[in-house]
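Just so you know, we're using the working numbering here: the sequence shown kicks off at 3 and counts up by one.
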Amino acid sequence: MKFGFSKSQLALAAVAAIATSGLGLAPTVASAAGKVAGQYVAGDFHNHTTCSDGSISMQKLVKKVTDKSTDSPWGLDWFVQAGHGGTGNRNCTLVEDASLSTPAYPYVQGKGPTTTWANSIGKPAIKGDNGGTAGNGNMWRWQSLQEFQYPLLEYLAAAKNQPMFLGLESVVAGHEHSSMTIITGQMPLALDSATLPNSPGYTPLGNANALAQWSYCFDRNDTDKSRGNVTGSAIGNNWNCSVNGSLNAADPSWNATAQKLIPASGTGVGNRGHLKTVEAIKWMAQNHANGSYYVPAHLERAGPFNPDGNNGFNIEHLRNLNNAGPGIAFGFETQPGHGASDDRGEYYPQRNTIGGVKVDSVGGTTWGGTGVYGAQVGGVWDALLGEGRNYWFFASSDWHNRGSFGPDDRRSTQDFYPGEYQRNYTLVRNGADKLRPQTIVDGLRSGNNFASSGQLIDRLAFVACASYAGPAARTNAQVEALAVAAAANNRSVEASGCATMGEKLVVRPGAEIVVTVVVRDPAGSNYAPYTFANPSLKQVGIDQPLNMPVLDHIDLVRGMVTGYKTPGSADYAGQWPNTWLANPNMATVPAAAKNTSAAVIKTFSGNGGTPWATVASSVDNSPLLKMTYRIPAVQASQYLRLRGSNLPASVPFETDANGSPMADVYTNAGDTTKLKIACTTVGTTEFNGCPSHLPTVNGQKMVANDVAAWADLWFYSNPIYVQVNGATVVAGVK
3 MKFGFSKSQL ALAAVAAIAT SGLGLAPTVA SAAGKVAGQY VAGDFHNHTT CSDGSISMQK
63 LVKKVTDKST DSPWGLDWFV QAGHGGTGNR NCTLVEDASL STPAYPYVQG KGPTTTWANS
123 IGKPAIKGDN GGTAGNGNMW RWQSLQEFQY PLLEYLAAAK NQPMFLGLES VVAGHEHSSM
183 TIITGQMPLA LDSATLPNSP GYTPLGNANA LAQWSYCFDR NDTDKSRGNV TGSAIGNNWN
243 CSVNGSLNAA DPSWNATAQK LIPASGTGVG NRGHLKTVEA IKWMAQNHAN GSYYVPAHLE
303 RAGPFNPDGN NGFNIEHLRN LNNAGPGIAF GFETQPGHGA SDDRGEYYPQ RNTIGGVKVD
363 SVGGTTWGGT GVYGAQVGGV WDALLGEGRN YWFFASSDWH NRGSFGPDDR RSTQDFYPGE
423 YQRNYTLVRN GADKLRPQTI VDGLRSGNNF ASSGQLIDRL AFVACASYAG PAARTNAQVE
483 ALAVAAAANN RSVEASGCAT MGEKLVVRPG AEIVVTVVVR DPAGSNYAPY TFANPSLKQV
543 GIDQPLNMPV LDHIDLVRGM VTGYKTPGSA DYAGQWPNTW LANPNMATVP AAAKNTSAAV
603 IKTFSGNGGT PWATVASSVD NSPLLKMTYR IPAVQASQYL RLRGSNLPAS VPFETDANGS
663 PMADVYTNAG DTTKLKIACT TVGTTEFNGC PSHLPTVNGQ KMVANDVAAW ADLWFYSNPI
723 YVQVNGATVV AGVK
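Here it is as structure tokens:
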């Protein structure tokens with residue numbers, strides 16, 4: 003098995019702060035001091051059940067995600083269940099069949115997870131405006147989170163002894179969607195010794211009250227004005243959504259009855275909505291600074307920002323959110339889920355209508371499964387890193403369903419399960435304790451995280467160390483020994499004068515930087531169900547089974563740090579060009595949205611100009627790949643990050659001559675006229691030959707859907723910063 007070796011486990015603590023740089027106040031997040039031991043652990047924080055618009059129950063999704071069985075072998079180390087904000091009419095505490103029955107939540111014959119609240123036995127009283135028997139039968143998400151989803155997830159977490167908590171995919175005011183959570187109250191320590199019931203019903207020890215309040219106060223789809231109460235009374239939560247130091251009641255968008263901002267629709271609603279979202283981050287920073295995160299999801303999908311609607315995010319909006327809460331709005335899901343969809347990630351040309359005009363998802367499509375903001379070297383992500391911000395790369399499953407297949411089929415024309423295809427590997431510092439929500443959130447905040455698709459790699463040690471002339475000189479072998487030991491033990495490099503992902507290395511001018519990378523490309527098969535040869539690689543004469551990918555190369559990307567942009571300045575705001583798919587030319591990208599200093603400075607591979615070396619792990623003898631590059635005499639502050647793929651350079655319709663990903667338009671079945679890669683292997687089953695669900699053009703099966711995703715794999719690391727004394731301060735990382 004490609005995951006036959008022991009897996010990941012744990013990540014780091016950080017707190018929000020404000021530091022002063024030469025450019026004025028700049029948000030800062032501290033890296034760990036007095037570090038607690040931890041390991042890299044795999045997880046997912048964006049997925050859906052019948053609580054929102056998913057196809058299966060909470061119980062079935064938790065089982066699929068955390069078990070390691072024949073039909074779902076990808077068990078994650080940690081899991082956040084997060085559905086859409088707004089409303090829902092289905093009782094997602096019910097299960098599909100008796101195999102999912104538990105004493106507290108037993109299977110009810112004829113009542114499954116798509117049963118409405120109105121048709122449930124002992125139907126609950128629906129609170130808030132417009133629900134219940136006199137309304138539309140929908141329950142506000144705040145009530146569902148507070149009274150149904152959280153108790154169920156707490157029960158499952160205790161029964162399975164699995165690290166899980168609730169999040170939300172918020173429908174964002176002024177924009178599209180964002181993955182977020184507030185863990186306050188969730189999964190208390192007392193749960194460790196709790197006695198679970200032997201009969202129906204469960205009273206939780208913790209709560210999701212803070213998350214429920216946020217959903218009421220700030221989700222765009224929550225237009226309830228009840229303050230979290232029984233309609234027409236003061237019985238309930240009596241929430242007030244005001245933010246210290248803000249206008250609140252003096253804001254034109256403030257609704258006195260609801261005690262929250264409800265921006266008026268029409269012209270300018272996008273701008274008004276964005277201001278509400280900034281207030282949401284401020285509220286989180288004031289009330290739950292260390293127990294929350296806010297990560298825009300598939301942020302390129304809905305197109306550019308629309309001042310008169312609710313579409314995408316331009317770079318200035320990401321800056322505004324990070325400024326408002328650097329310890330909360332610390333990254334983005336630029337590698338979206340929906341990887342097996344007809345249009346990968348559900349990104350495609352002409353997807354959106356803005357001002358009566360059809361516009362593309364930003365970038366047109368995904369690029370190797372990643373949105374253009376993260377995939378384009380020198381683009382939006384590099385622009386944010388070039389300021390010295392703590393802004394990290396994350397991936398998600400965005401699980402809803404299998405498309406044309408049932409939830410237990412291994413084929414998919416829509417989604418992959420959490421952990422099946424994409425996963426975040428986060429360094430969580432829990433010491434001798436079990437994994438808990440706080441240490442997981444701290445790990446995500448730290449930036450010590452890498453994302454990998456298709457189990458391309460499952461271990462990464464990425465370190466930069468300072469070397470000076472004389473006794474302080476470091477050899478390649480010394481740094482490599484640190485990295486090899488870290489990768490073998492699935493830990494982070496911890497050494498004086500060195501830094502890893504999400505951290506800052508402060509050096510004197512003229513220092514030499516020794517950069518070492520050690521990865522594990524796990525042996526054997528991954529979780530793909532297909533054993534036939536990768537059709538993309540067959541184009542260039544490589545015969546490699548889809549379920550046995552091999553890492554081809556790793557790129558080391560560097561960019562210079564020039565400091566924070568000033569709000570209102572000419573280089574603070576700018577929209578990615580809507581002509582990108584037809585004309586991917588960085589000259590057309592506004593200065594605010596690019597970093598022209600960012601470039602691939604070294605490519606490592608199994609052979610060629612800069613080959614890596616293979617060494618055996620001292621822990622389990624598994625092969626590790628090590629590689630080193632030295633940056634001489636640094637004078638300017640900078641950052642380093644990695645990306646890698648199973649595809650070499652110049653694979654037709656997949657990678658360009660530099661090994662960068664090409665637009666996924668050529669494998670998106672949403673427009674079959676653009677399909678270019680034939681799938682020719684004839685098998686005796688749906689899995690040892692090109693499957694029957696692939697689109698056919700002129701009688702020929704073409705690569706698309708899940709086959710396209712398994713064929714085209716990438717990993718991305720978060721950056722290491724190098725701050726040179728006397729040069730630009732990397733203000734976003736302490």
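Built from N, CA and C at the ideal position, the CB exists for glycine as well.
- Across the structure, E281 and Y566 are spaced so that their CA atoms are roughly 21 Å apart.
- Note that the C-beta distance between G504 and C467 is not below 8 Å.
- The Cβ atoms of G187 and N211 sit closer than 8 Å to each other.
- In the three-state reduction of the DSSP assignment, R229 falls in the coil class, being assigned neither a helical nor a strand state.
- Residue pairing by DSSP places A659 in no beta bridge whatsoever.
- Residue nearest to S469 within the set L462, D226, Q480 and R461 is Q480 (criterion: CA-CA distance).
- Contact between the segment 483 to 498 and the segment 506 to 525 is present, with at least three C-beta pairs closer than 8 Å.
- Straight-line measurement puts the Cα of K113 at about 43 Å from the Cα of V374.
- Given a length threshold of 3 residues, each whole run of the beta strand (DSSP E) inside the segment 542 to 582 is given here in chain order: 555 to 562.
- In the DSSP assignment, A159 falls outside any beta strand (DSSP E) and lies within the alpha helix (DSSP H) extending over Y152 to K162.
- Under the DSSP assignment, E514 falls in the beta strand (DSSP E) whose first and last residues are E514 to R522.
- Fewer than three Cβ pairs drawn from the segment 676 to 691 and the segment 609 to 618 lie within less than 8 Å of each other, which leaves the two stretches out of contact.
- Beyond the five residues adjoining it in sequence on each side, P634 comes within less than 8 Å, by CB distance, of E514 in the same chain, given in chain order.
- Fewer than three beta-carbon pairs drawn from the segment 439 to 449 and the segment 84 to 96 are found closer than 8 Å, and the two stretches are therefore not classed as touching.
- When DSSP states are grouped into helix, strand and coil, S101 belongs to the helix group.
- G512 is the residue among G512, K62 and W712 whose C-alpha sits nearest the C-alpha of A474.
- Judged by DSSP secondary structure, Y295 falls within the beta strand (DSSP E) whose first and last residues are S294 to P298.
- Annotated three-state conformation of N289 is helix, per DSSP.
- For T441, the uninterrupted alpha helix (DSSP H) segment begins and ends at P439 to S448.
- V699 and T675 have their alpha carbons spaced roughly 8 Å apart.
- In the displayed model, I184 falls within a strand according to three-state DSSP.
- In the structure shown, the three-state DSSP call for W614 is coil.
- Secondary structure note for L147: it is in no beta strand (DSSP E), with a DSSP letter that is neither H nor E.
- In this structure, E318 and A594 form a Cβ contact; the two beta carbons are roughly 7 Å apart against a cut-off of 8 Å.
- The DSSP-derived three-state label of N322 is helix.
- Shown here, G238 sits in a strand according to DSSP, grouped into three states.
- Between the alpha carbons of L263 and M182 lies a distance of about 19 Å.
- Its chain contains P202 as the residues whose beta carbon lies nearer than 7 Å to that of P108, once the 5 sequence neighbours on both sides are disregarded; these appear in chain order.
- A397: member of the beta strand (DSSP E) spanning W394 to A397, first to last residue.
- Taking the Cα positions, S180 is about 14 Å away from L213.
- Around the beta carbon of G357, a 10 Å sphere encloses fewer than 16 other beta carbons of the protein chains shown; the residue is thus reported as exposed.
- When secondary structure is reduced to three states using DSSP, E281 falls in the helix class.
- The DSSP-derived three-state label of A501 is strand.
- DSSP, reduced to helix, strand and coil, places D460 outside both helices and strands of the structure shown, so it counts as coil.
- Distance between P579 and V591, taken at the CA atoms: about 6 Å.
- Close CB contacts of L102 within its chain, under the 8 Å cut and outside five residues either way in sequence, are with S59, Q61, K62, K65 and Y109 (chain order).
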